[in-house]
Amino acid sequence: MRLAGACFLLALLCWASPPAAPAFRACPFYWLTGMPCPLCGLTRGLCELAKGHFSQAVHFNALSPLGFVMLFSLFLSASWRKGLWTFGVAAFGVYGVCRLVIA
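Using our numbering, the first residue of the sequence shown is number 181, and each one after it goes up by one.
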């Protein structure tokens, strides 16, 4: 069942083609501040990674490869997933602060 879910998710990401420059941003942080949050561009990055376009994915969000691994770790056992998610949340936090400082 987990393998079927992972295959379905991968197929969905390959099929989806979000626009490179969306007319509407669904991020409340962006609405309030006008600056990108750590997750801005992640959906586009995940879709590009699923298609094998690594450089384009990193262009949208530098942590999209980590997000991709974290997303598919949901289909693994909880004991293995915990350490990855702890690292991932910390990495996205640091990335968000850096993104705000640079912007």
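Think of the CB as a built atom: it goes at the ideal place given N, C-alpha and C, for glycine as much as any other residue.
Check, Outcome
"Separation of Phe-272 from Pro-208, as counted between CA atoms", "17 Å"
"Asn-241 and Gly-221 closer than 7 Å at C-beta", "yes"
"Pick from Leu-256, Thr-266, Leu-264, Ala-283 that is closest to Met-181, judged by C-alpha positions", "Leu-256"
"Closest residue to Ser-197 among Pro-216, Met-215, Arg-224, Leu-189 (Cα-Cα distance)", "Arg-224"
"Pick from Ala-191, Ala-258, Gly-214 that is closest to Glu-228, judged by C-alpha positions", "Ala-191"
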